Amino acid sequence: MHSTLRTLTIASLLPLATTAAAELKYENGNGGSVLLYGQFDPAYLSFDDGEETTSDVVDNSASNSRIGLWVRQSFGANELAFNFETALGLRASGALSQDFTPKGVNWQRRNIRKVDLSYKTDRYGTFYIGQGSMSTDGVAEVDLSGTSLATYVAIPDTAGAFRFRDSAGALSGRFIGGSFGDFDGGRRGRVRYDTPSFANFTLSVSWGEEILVEDSDLESTAIALRYKNTVGDFRIEGALGYAEIRPAENVDKFNDTIGSVSVLHSSGVSVTLAAGDRSSSGTYTYGKLGYQADWLSIGKTALSVDYYQGRDRSVDGAEADSVGIGAVQSFDDANVQAYLGYRTYELTEPSASYQDASSVMFGARWKF
């Protein structure tokens, strides 16, 4: 399997993608439908820790390979829906490190993303129950730049398991994932309620617990406010969220406050800002400048540069800085997006110094 994955190239995806039909959808003629969907997102990741370079074929954790099923039935203006979705369990970019290479395929129960039942009403909002997104899922990651596959605020998705080397060249106990992060809400077994849209705002509340990891007592309560609107030539999206998380029994709770906003102008220029605070481990700020253009007839080209700064994440007084450059090229007829992302990583602490690191990841996502 390992050698098979190594031979996979972006080019091999294009013939496969062009054979895709429209939607894999069945309609019952009475307001109901069944839709099969998914995506495949292989990439090649190379990480330079200042002394050595580690490279391998991976699955892009920013938008992993997955397959899902939607079953929907309308009742007048209301809709009952069931959504099942699972990742394929391919080697995750965020799990590769200097001293560990995950199996090429290793599906586990925690790869299940959604087993979710929902009931949507125009008047009363939407009710959810099952494994699915907490209210704060995606709140830190609102991004209209079109380059999230290559670079975005969830920096550990690219290389979270890699470790910094100290000034003497030895691998330290400081991980990319522990020094960076966006505190974004995840998925849990939960109950959730979203209000109808009012003045382009939607309020969401949820309570959930970790049900896919054995012997986990993690519980969380979350609330989020989202905004979507178009004002003249500007498309605006934003979100603000708060979560209270109890990792386990007899372990102190901590709170996450997160938010992000992205503005896209009709010219193709976009600006994205995000920030977060975790009561137990620091804060961060993030900014991205993007540009999208129809330079090629095959699809839109998106470019961006971003900057992340985290404080007090690994220890009090620590500062983590990262610069990312991303490019995404869409191939509309094939439902493929090819991407290239470059990112630098710097960590300073009051009592230790670490070598700068960098990563390059390129790949392609095919959706059906």
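For the sequence shown, the working numbering puts the final residue at 634, and the numbers step up evenly by one. Note that beta-carbon positions come from the ideal geometry of N, C-alpha and C, so glycine has one too. Here the structure is a predicted model, which means the values were calculated and not measured.
Going by other Cβ atoms of all chains shown within 10 Å of its Cβ, with 16 needed for buried, is residue 349 buried or exposed? buried
Q: Return the Cβ separation of residue 513 and residue 478 in integer angstroms, given the expectation that the two are a contact with Cβ distance under 8 Å.
A: With 8 Å as the limit, residue 513 and residue 478 do not qualify as a contact, their Cβ atoms being about 15 Å apart.
Review point. Is residue 561 buried or exposed, if buried means 16 or more other CB atoms sit within 10 Å of its CB?
Key: exposed
Worksheet item: Under 8 Å between the Cβ atoms of residue 592 and residue 424?
Response: no
Please name the residue in 570, 581, 463 whose C-alpha comes closest to that of residue 439. 581
TODO: Mind listing, in chain order, the continuous alpha helix (DSSP H) runs of no fewer than 4 residues lying wholly within the segment 578-632?
DONE: none
query: Can you name, in chain order, every residue of its own chain whose Cβ lies under 8 Å from the Cβ of residue 355, other than the five neighbours on each side?
result: 371, 372, 373, 374, 377
Cβ neighbour criterion (16 or more within 10 Å) applied to residue 619: exposed
>> Which residue wins for smallest C-alpha separation from residue 628, given the options 336, 614, 608, 474?
In response: 608
Review point. Cα-Cα, which of 586, 306, 333 is closest to residue 430?
Key: 586
> Per DSSP, what kind of secondary structure is residue 287 in: helix, strand or coil?
Replying inline: Confidence is the limiting factor: at residue 287 the pLDDT is only 46, short of 50, which leaves the residue's position unreliable and the question unanswerable from this model.
| Going by beta carbon distance, what residues of the same chain come within less than 8 Å of residue 711, once the five residues before and after it are set aside? | An answer regarding residue 711 cannot be provided, because it is not within the stretch 267 to 634 covered by the chain.
Determine the burial state of residue 496: buried for a count of at least 16 other Cβ atoms within 10 Å of its Cβ, exposed for fewer.
exposed
**Report entry** residue 442 - containing alpha helix (DSSP H), residue span
**Finding:** 442-445
Practice problem: Report the three-state DSSP secondary structure of residue 277 (helix, strand or coil). | Solution: The pLDDT assigned to residue 277 is 41, lower than 50, so where the model puts this residue is not dependable; a value taken from the coordinates is nonetheless given after this. Residue 277: helix per DSSP, three-state reduction.
ask   = For residue 406 versus residue 524, is the C-beta spacing smaller than 8 Å?
value = yes
The beta strand (DSSP E) with residue 424 in it runs from where to where?
Where residue 424 is concerned, there is no enclosing beta strand (DSSP E), although the alpha helix (DSSP H) it sits in stretches over 422-425.
**Prompt:** So, using beta-carbon positions, are residue 522 and residue 509 closer together than 8 Å?
**Reply:** yes
What does the alpha-carbon distance come out to for the pair residue 287 and residue 584? Since pLDDT at residue 287 reaches only 46, below the 50 mark, its modelled position is unreliable, and the value read off the structure follows with that caveat. When rounded, the distance between both Cα atoms is 51 Å.
Could you give the distance in angstroms between the alpha-carbon of residue 598 and the alpha-carbon of residue 606? 18 Å
### Task
Name the one or two DSSP bridge partners that residue 387 has.
391
Worksheet entry | Selection from 330, 362, 455 that minimises the alpha carbon distance to residue 383 | 455
Could you check which residue in 345, 296, 472, 302 has the C-alpha nearest to that of residue 289? 302
ask   = Three-state secondary structure (DSSP) at residue 377?
value = helix
Along the chain, which unbroken stretches of the alpha helix (DSSP H) at least 4 residues long are found entirely within the segment 413-499? 422-425, 442-445
message = Measuring alpha carbon to alpha carbon, tell me which residue in 517, 409, 400, 340 is nearest residue 469.
response = 400
Problem set entry | Selected residue, minimal CA-CA separation from residue 473, among 345, 458, 297 | 458
Closer than 7 Å by C-beta to residue 451: which residues in its own chain qualify, once you throw out the five before and the five after it? Chain order, please. 400, 401, 402, 403, 405, 488, 507, 509
Review point. So is residue 366 buried or exposed if we call it buried at 16+ other beta carbons inside 10 Å?
Key: exposed
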